[in-house]
Amino acid sequence: MKLYFTHKAQDGYLETESREYVWGLRLTPAEQQQLNADRPDLFAAKGGDVHYPVVSMGFVIFSPICPHLGCRYNWDDGAGKFICPCHGSVYDKLGKHVSGPAPRGLDPLPLREQSGTAEITWIQYETAVSDRIVIAYS
Numbered sequence: 301m302k303l304y305f306t307h308k309a310q311d312g313y314l315e316t317e318s319r320e321y322v323w324g325l326r327l328t329p330a331e332q333q334q335l336n337a338d339r340p341d342l343f344a345a346k347g348g349d350v351h352y353p354v355v356s357m358g359f360v361i362f363s364p365i366c367p368h369l370g371c372r373y374n375w376d377d378g379a380g381k382f383i384c385p386c387h388g389s390v391y392d393k394l395g396k397h398v399s400g401p402a403p404r405g406l407d408p409l410p411l412r413e414q415s416g417t418a419e420i421t422w423i424q425y426e427t428a429v430s431d432r433i434v435i436a437y438s
């Protein structure tokens, strides 16, 4: 599901506000096992490069930014896959890279429960590289 939120940033005296979204997937226990098997890159204990819980409260959250060149990909109901309209990268439901020029699968974002509210940390990752490199947090 597409989860919308308002992002506020302040640079000096200028405050900007933008409407953003992330992709949130509620996973069944079987899908969680499949995610563990198909995406070892997401789990530090398996040698991956993500050092926070990828699945929280039964959900996984993906950045809406394609790891290829930074376009915004979409969910295609007919294909049952995420597809980037810019250069044709394709990802399965669990964010695994299926085809196209993207160098890696979809990038996860941290989700946590804080005082009864779900909080997502926005992370900007480097694009066009196979390693998951963090550029900024917000």
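Under our numbering, the first residue of the sequence shown carries the number 301, and numbering increases by one thereafter.
Each residue gets a CB set at the ideal place from its N, CA and C atoms; glycine is no exception.
Between residue 391 and residue 407, the C-beta gap is not smaller than 8 Å, which leaves the two residues out of contact.
Boundaries of the alpha helix (DSSP H) harbouring residue 338: 329 to 338, taken from the DSSP string.
Sorting 420, 397 and 430 by C-alpha distance to the C-alpha of residue 353 places 420 at the top.
If you draw a straight line from the Cα of residue 329 to the Cα of residue 394, it is about 13 Å long. Selection 377, 339 and 366 evaluated against residue 385 yields 366 as nearest (Cα-Cα). A straight-line Cα-Cα distance of about 34 Å links residue 374 and residue 312.
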